[in-house]
Amino acid sequence: MSKIIAYLIIVPFILILMINSITVFEFTLKQRYIKDCIDTVCDKVRITGVMTESDFNSLIQELNKYSDFDKSESITLRKGSYINGTLGSNTAYVLGEKLDRGDAFYISVISSSVSNYSKIVNGGISANDANNIYYTAKAQCRIE
Numbered sequence: 714m715s716k717i718i719a720y721l722i723i724v725p726f727i728l729i730l731m732i733n734s735i736t737v738f739e740f741t742l743k744q745r746y747i748k749d750c751i752d753t754v755c756d757k758v759r760i761t762g763v764m765t766e767s768d769f770n771s772l773i774q775e776l777n778k779y780s781d782f783d784k785s786e787s788i789t790l791r792k793g794s795y796i797n798g799t800l801g802s803n804t805a806y807v808l809g810e811k812l813d814r815g816d817a818f819y820i821s822v823i824s825s826s827v828s829n830y831s832k833i834v835n836g837g838i839s840a841n842d843a844n845n846i847y848y849t850a851k852a853q854c855r856i857e
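Residue numbers (our numbering): 714 to 857.
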């Protein structure tokens, strides 16, 4: 009888831990890939000084492999300048605009869909958006 109770308690507990660890691994792996994508684009802009429409479209395609990213709401492109080593006031960046040497370029992304890890932790998509976890990444660089 004690073996049956052990199986009824231990096996479901191990299954829950395994599912939780798989979703954490999936979340961190996708988060890392998204950050690498953003860093690659930022490095390209750092070297060339411009982000073209084709660069932006290839970024969208690459990001959509990992989660849903909307062109208008998910990706923020900003330009500005560094003041005493920190990013000062910034304005919206227009695709194709040439940045001067020393200017700052800032990109941030947030997925429009909730991560699977958040769905497991919250038991679905939470009505309170502050409890939901999205894929996010930020990168900034100084134009050379």
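Ideal Cβ positions, reconstructed from N, Cα and C, are used throughout, including at glycine.
The structure presented is a predicted model; accordingly, all values stated were derived computationally and were not measured.
Assumed close pair residue i, residue j - CB separation to whole angstroms, cut-off 8 Å
i	j	result
residue 814	residue 856	6 Å
residue 781	residue 828	No, residue 781 and residue 828 are not in contact; Cβ-Cβ is about 11 Å, not under 8 Å.
residue 746	residue 779	6 Å
residue 752	residue 843	Not quite, the Cβ-Cβ distance comes to about 27 Å (not below 8 Å), so this is no contact.
residue 794	residue 816	6 Å
residue 768	residue 784	At roughly 13 Å, the Cβ-Cβ gap does not stay under 8 Å, so residue 768 and residue 784 are not in contact.
residue 833	residue 741	Their Cβ separation, rounded to whole angstroms, is 14 Å, which puts residue 833 and residue 741 out of contact at 8 Å.
6 Å Cβ shell around residue i - same chain, five flanking residues per side excluded
i	result
residue 774	none
residue 763	811
residue 789	821
residue 748	850
residue 854	755, 759 and 818
residue 847	823 and 824
residue 845	827, 831 and 839
Own chain, CB closer than 8 Å to residue i, minus 5 neighbours either side, in chain order
i	result
residue 786	825
residue 723	none
residue 798	none
Residues that DSSP places opposite residue i in a beta bridge
i	result
residue 789	821
residue 800	795
residue 851	821
residue 816	794
residue 805	791
Same chain, Cβ closer than 7 Å to residue i, five either side skipped, listed in chain order
i	result
residue 765	808 and 809
residue 776	747, 750, 782 and 822
residue 800	793, 817, 819 and 853
Contact between the stretch 797-807 and the stretch 829-838: three or more CB pairs below 8 Å?
By the C-beta criterion, the stretch 797-807 is judged not to be in contact with the stretch 829-838, since fewer than 3 inter-stretch pairs fall below 8 Å.
Sequence ranges, alpha helix (DSSP H) only - wholly within the stretch 748-783, length at least 4
If we require 4 residues or more, the alpha helix (DSSP H) runs fully inside the stretch 748-783 come out as 766-776.
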